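Note sheet for the following structure.
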Amino acid sequence: MAQKKFLNKVYDVETRDEVETLYDAWADSYDAELVENGYATPGRVARAMAKTGCKEPVLDLGCGTGLSAEAMRAEGFQTIDGTDLSAGMLDAARAKGVYRKLWVTDPDAPLPDGYATIAAVGVVSPGAGGPELLYAMAGALSRGGRLAFSFNDHALADPAYTGHLNELLDTGAFRLLHAEKGDHIPEIGLNSTVYILEKT
């Protein structure tokens with residue numbers, strides 16, 4: 072099936088331009104392909120956010136077409152802003168009307184502050200965002216702010232990703248509120264661990 076080519080390619084892209092090009096091309100069929108393959112992480116992250124008492128406003132980093140915001144809204148979150156490298160993905164997200172604000176990410180600029188929660192659903196991963204995104208998110212939060220994110224199997228197998236997470240925890244900069252392994256994209260046999268961290 073033609074749509075499968077995007078899901079099969081996503082973990083092979085490496086440069087920022089490759090990521091942007093792939094996601095722009097994928098925008099029209101992204102939701103259908105991910106739903107068809109059982110994409111579970113948005114719902115899992117949103118439920119973990121609600122369970123641990125994450126506050127608004129929420130910044131949905133790497134928001135894509137808005138699947139993550141739809142899941143957050145289903146859990147009662149209302150004030151959600153989104154940003155993404157792909158203008159094509161943002162066009163699809165804008166059509167859903169689930170965000171307060173949307174903008175194209177400037178990867179060379181610091182993340183905006185003022186958010187109670189920064190979510191990165193399926194974003195901090197090979198084929199999307201590098202492990203340094205954890206530090207960028209951490210730096211944009213004030214004390215008591217929350218990070219809500221996931222590591223899929225590819226990220227969990229890469230010591231750069233787990234090392235960045237462990238450093239945030241081991242230095243005492245953040246405390247772990249929630250960690251739960253489960254389905255990511257079950258139809259292709261991929262799992263993820265969902266994390267909620269609080270800045271101390």
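If you count the sequence shown from 1, position 67 lands on 138 in my numbering, and the numbers rise without skipping. Where is the CB? At the ideal position from N, CA and C, for every residue including glycine. A quick note: this is a predicted structure, and the numbers were derived from the prediction, not measured.
(message) Can you tell me which residues form a DSSP beta bridge with Asn223?
(response) Ser263
(request) Note down the Cα distance separating Ile256 from Ala244, rounded to an integer number of angstroms. (result) 31 Å
(message) Below 8 Å on the Cβ atoms is my contact criterion, and I expect Pro197 with His225 to pass it. Report the Cβ-Cβ distance as a whole number of Å.
(response) 5 Å
(request) List the DSSP bridge partners of Phe245. (result) Paired residue(s): Lys270.
(request) Have a look at Arg118 and Glu146 and give me their C-alpha separation to the nearest angstrom. (result) Distance between the alpha carbons of Arg118 and Glu146 is about 6 Å.
(request) Give every residue of the same chain whose Cβ lies closer than 7 Å to the Cβ of Asp102, excluding the five residues on either side of it in the sequence, and list them in chain order. (result) Thr136 and Leu138
(message) Which same chain residues end up closer than 8 Å to Gly216 when comparing Cβ atoms and leaving out the 5 residues on each side of it in sequence?
(response) Tyr186, Ala187, Thr188, Ile189, Glu269 and Lys270
(request) Work out the CA separation of Glu203 and Ala142 for me, nearest whole Å. (result) 26 Å
(request) Go ahead and pull the three-state DSSP assignment for Ala191. (result) strand
(message) Short of 7 Å in beta carbon distance, which residues of its chain neighbour Leu205, apart from the five on each side in sequence? Order them along the chain.
(response) Hits under 7 Å: Val195, His235, Leu236 and Leu239.
(message) I need the straight-line Cα distance from Thr233 to Val169, nearest angstrom please.
(response) Rounded to whole angstroms, Thr233 and Val169 show a C-alpha spacing of 31 Å.
(message) Assuming Ala191 and Met208 are in contact, meaning their beta carbons sit under 8 Å apart, how far apart are those beta carbons, in whole angstroms?
(response) 6 Å
(request) Identify every residue that forms a DSSP beta bridge with Lys122. (result) Per DSSP, none; premise fails for Lys122.
(request) Starting from Gly153, follow its DSSP beta bridges and name the residues at the other end. (result) Gly153 pairs with Asp131 and Leu173.
(message) Please report the distance separating the alpha-carbon of Asp131 from that of Gly200.
(response) 14 Å
(request) Determine which residues share a DSSP beta bridge with Ala250 and list them. (result) Beta-bridge pairing by DSSP links Ala250 to Tyr266.
(request) Assign Arg165 to one of three DSSP states: helix, strand, or coil. (result) helix
(message) Here's the rule I'm using: 16 or more other beta-carbon atoms within 10 Å means buried, otherwise exposed. How should Gly153 be labelled?
(response) buried
(message) Let me confirm a value: Gly260 is counted as buried when at least 16 other C-beta atoms fall within 10 Å, else exposed. Which label applies?
(response) exposed
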